[in-house]
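Visitor:
Residue numbers (this note's numbering): 400 to 687.
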């Protein structure tokens, strides 16, 4: 019995050791984005891209057009409350960075998919919900921080932070050892970092994803993407049960310097979260 129990653990460790070597060599076969989104992301990297041309490009992906309109009309991005139904206006209002984030959100959903009747489907949907909630908090919190210019990168970091888990989940049929939660938690950041680098996103984003489990890390200087990701993940985890007791008693204040970096303490966190709750909920609906 003991031999049977140890064998899967050894197999998982052997796989992860091999995977770690591939990561170090940057010699790992990682999946590309679906073609239509790859083309859109490529166009978004053109510094000479006009908003009119961008509006025409995104019409190749109807799901993306819907997402752009929903984001444009969310409370977080449309404080005036005037409904926008024209995709050209929506594209101009959002700008390149936010449209890139919407594209990534949809592309990653298509990239890592599991049949509807799979026993893992519920877990995959939970991971996606966590990504969206984290991204919504990241965008909102960054806008109020000492680094508001990071808000689009913060949202993208939130969307991408658990792509390593998505990758692991889609490999469980081949490697059932991946069902081990402890192994998944430990290796998810490194796998996610490799994916993000492979897709050509910024080093700052990949580093934040890679170090997301280092919640006790301290640093001098202004708020970083890692700080924002750590706090946004914490708030996303307590999203459905935000109350004074949870926020004051369950958040790891002493072991999470990032909370202080973003100006949070036990006295102000409840009010701050309540002030942004409507915006966050609206943004979650737009990104989901």
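All C-beta atoms in this analysis are idealised placements derived from N, C-alpha and C, irrespective of residue type, glycine included. Note that this is a predicted model, so its numbers are computed, not measured.
Can you round the beta-carbon distance between residue 550 and residue 505 to whole angstroms, since I take them to be within the 8 Å contact cut?
Guide: About 20 Å separates the two Cβ atoms, so there is no contact after all.
Visitor: Below 8 Å on the Cβ atoms is my contact criterion, and I expect residue 545 with residue 621 to pass it. Report the Cβ-Cβ distance as a whole number of Å.
Guide: Their Cβ separation, rounded to whole angstroms, is 5 Å, which keeps residue 545 and residue 621 in contact under 8 Å.
Visitor: So, under 8 Å CB-CB, residue 694 and residue 561 are touching, yes? Tell me the CB distance rounded to an integer number of Å.
Guide: Residue 694 falls outside the range modelled here, since the chain spans only 400 to 687, and no answer is possible.
Visitor: Helix, strand or coil for residue 667, going by three-state DSSP, please let me know.
Guide: Note: residue 667 maps to coil in three-state DSSP.
Visitor: With DSSP as the reference, label residue 527 as helix, strand or coil.
Guide: Three-state DSSP puts residue 527 in a helix.
Visitor: Once the 5 residues before and after residue 636 are set aside, which same chain residues still bring their CB inside 8 Å of it?
Guide: Here the set comprises 529.
Visitor: Just checking my contact of residue 568 with residue 510 at CB under 8 Å: how many whole Å lie between their CB atoms?
Guide: 12 Å between Cβ atoms; not a contact.
Visitor: Output yes or no for whether 8 Å exceeds the beta carbon distance between residue 547 and residue 563.
Guide: Contact: no.
Visitor: Under 8 Å: do the stretch 464-484 and the stretch 436-447 share three or more Cβ pairs, one atom per stretch?
Guide: Because the criterion of three Cβ pairs below 8 Å is not met, the stretch 464-484 and the stretch 436-447 do not touch.
Visitor: Just mark residue 678 as buried or exposed, buried being the case when its beta carbon has 16 or more other beta carbons within 10 Å.
Guide: The residue in question, residue 678, is buried, as its Cβ has 16 or more Cβ neighbours within 10 Å.
Visitor: Can you list, in chain order, the residues of its chain whose CB lies under 7 Å from that of residue 541, leaving out five sequence neighbours each side?
Guide: 547, 549, 550, 553, 627.
Visitor: Could you tell me if residue 619 is buried or exposed, where buried requires 16 or more neighbouring beta carbons within 10 angstroms of its beta carbon?
Guide: Exposed is the call here.
Visitor: Pull up the distance between the alpha-carbon of residue 660 and that of residue 507, whole angstroms please.
Guide: When rounded, the distance between both Cα atoms is 30 Å.
Visitor: I'd like the span of the alpha helix (DSSP H) that includes residue 506, first residue to last.
Guide: First-last of the alpha helix (DSSP H) with residue 506: 495-510.
Visitor: What span of residues does the alpha helix (DSSP H) with residue 466 cover, start to end?
Guide: Element bounds for residue 466: 461-471.
Visitor: Do you know offhand how far residue 667's Cα is from residue 673's?
Guide: Near 10 Å, if we compare the C-alpha coordinates of residue 673 and residue 667.
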